[in-house]
Amino acid sequence: MHTPELLAPAGNMEKLKIAVHYGADAVYLGGQAFGLRNMADNFSMDEMKSALDFCHVNDVKAYLTINSYPRNEALPELEKYLEQIAPLSFDAYIVADPGVIDAVRQITPDRELHLSTQANTINWRSARFWQQQGVSRINLAREMSLDNIRETVKAVPGMEFEAFVHGALCMSYSGRCLISSMLTGRDANQGECTHPCRWSYHLVEESRPGEYFPVMEDETGTFIFNSRDLCLLEHIPALVASGVHSLKIEGRMKGINYVASVLRVYRQALDEYLADPAGWRCRPEWLEELAKLSHRGYTTGFLFGQPRNVAQEYQSAYIRSHDFVGVIDDVKDDGTLLISVRNRIKVGDLIEFIGPGMRSDTVTLQHFSTLSERGAAIPADVANPNQRILLAVPFAVNAGDLLRREKRATS
Ligand code: SF4
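Numbering (our numbering), first residue to last: 12 to 422.
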């Protein structure tokens, strides 16, 4: 049995480090152009160099997204960008547009090319076509069934395939959506999607402009374009058996809490499966962990056919049981923790520390110190976002571990 890599999103340097800390085998990230997530922080040239050093020292691969569809007028800028990044040692570029592939081939002919899901590969003939163009890996369309994935992998030996296992779904055919362009002028295919499919909509009768009739699915309204999020945790065995080489997690725009929490679950689930395929069971605590994250209800998407046949119930709002409240920046020699606070915390809060390998310890917050700008420790009962605190806890933790608190706790 082959060992698929676990591929994680890295929207900025902090998320990249968290992804590595929580067990990613590879990360994908965008530069400041042509990367389809123009509203993520993305990486400058210097940051890309640091990111590559950090990844390669940790034996993690790094792929650069260049998967937008540039128009003629953007081609000179694209070529300049490709020249600038040519010396960087990315393990592959993720591309979608044949014109971009052509430009990459001209400027960096030896660079490995991974085909983005934006290219909508849904059959083995397409996969074979891309192989003939020199593409070494294809991120299969989310709209493929498991049977189709199996057939395609089998039909194109020598090609690597990636399958999404977790994250947001487009309600449209991935990447072929014009709602954002129409409503906001921001083009999803140029990396500027404003996610209007998640917005709330009303009904207007055409002769009564300005009269908005609410459409109610439940007490929160209706979100008629709002897809559930993909979660294929329970189907890791089938995906590994299908022969895909990479299991990909969506979410460069999501926060470090998402990256860490999803990775720690999929890392452990995949490792346990590879160690003992026959004895593998999807543990309830893994699903509970994923349910703690902000999400819109989970679905298996198209894996077993059309989603309408998967008893899909659309949720009208995000679901989340926990708040992310901080990250450990450093563990000092005496064991004191230096923590960056991301959400208000106070003495008496029940705080859970989570680390890789599903490590988890809980403590009721006692008095701590906040750090002044000059580094002076000031005893405190409350800390607000962007403050740093010093804290001692009676268990072992590491830099990069995250802190969270159940939502029902007062803040
Ligand atoms: S608006 Fe929604 S469906 Fe359309 S591209 Fe953006 S996320 Fe996808």
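The beta carbon of each residue, even a glycine, is placed where N, CA and C say it ideally should be.
Item	Value
Taking the alpha carbon of Tyr184 as the reference point, which residue from Asp229, Val393, Phe313 has its own alpha carbon closest?	Phe313
For the ligand SF4, which residues count as neighbours when the test is a C-beta closer than 6 Å to any heavy atom?	Cys181, Met182, Ser183, Cys188, Ile190, Ser191, Ala199, Cys204, His206, Pro207, Cys208
Taking just the CA atoms, how far does Lys72 sit from Arg275?	18 Å
Is the distance from the Cβ of Val255 to the Cβ of Ala152 below 8 Å?	no
Please go through the stretch 154-209 and give each complete alpha helix (DSSP H) segment of 4 or more residues, from N-terminal end onward.	157-166, 190-195
From Arg41 to Gly266, what distance separates their C-alpha atoms?	One point to set straight first is that residue 41 is Gly, not Arg, in the sequence displayed. Answer to the nearest angstrom: the Cα atoms are 15 Å apart.
In the DSSP assignment, what are the bridge partners of Thr362?	Checking the sequence, you will find Ile at residue 362 rather than Thr. In DSSP, Ile362 forms a bridge with Val374, Arg416.
If we ignore side chains and look at the alpha-carbon of each, how far apart do Pro416 and Met369 end up?	Here residue 416 is Arg; the residue named in the question, Pro, does not match the sequence. One C-alpha to the other measures close to 16 Å.
For Gly366, I'd like the list of residues in its chain whose CB is within less than 7 Å of its CB, leaving aside the five on either flank, ordered along the chain.	Val408, Asn409, Asp412
From Cys242 to Ala19, what distance separates their C-alpha atoms?	14 Å
In the DSSP assignment, what are the bridge partners of His306?	Ile330
With H, G and I counted as helix, E and B as strand and the rest as coil, what does DSSP make of Gln323?	In this prediction, Gln323 has a pLDDT of 45, which is less than 50 and means its spatial position is unreliable; nothing more can be read from the coordinates.
Which word fits Phe140, buried or exposed, when buried means at least 16 other C-beta atoms lie within 10 angstroms of its C-beta?	exposed
Report the three-state DSSP secondary structure of Asp344 (helix, strand or coil).	coil
Along the chain, where does the alpha helix (DSSP H) containing Asn395 start, and where does it finish?	Looking at the DSSP string, Asn395 is not in any alpha helix (DSSP H), and its letter there is neither H nor E.
Taking C-alpha atoms, which residue in Leu189, Ala286, Lys60 lies nearest to Gln95?	Lys60
Which word fits Gln377, buried or exposed, when buried means at least 16 other C-beta atoms lie within 10 angstroms of its C-beta?	exposed
In terms of residue numbering, what span does the alpha helix (DSSP H) encompassing Pro20 cover?	That residue, Pro20, is in no alpha helix (DSSP H); its beta strand (DSSP E) goes 16-20.
Counting along the chain, where does the beta strand (DSSP E) carrying Ser137 start and finish?	No beta strand (DSSP E) holds Ser137; the alpha helix (DSSP H) holding it covers 135-143.
According to DSSP, what are the bridge partners of Thr381?	Ile389, Ile400
Whole angstroms are fine: how far does the CA of Thr76 sit from the CA of Phe101?	10 Å
Can you give the Cα-Cα distance for Gln201 and Ser79, rounded to whole angstroms?	5 Å
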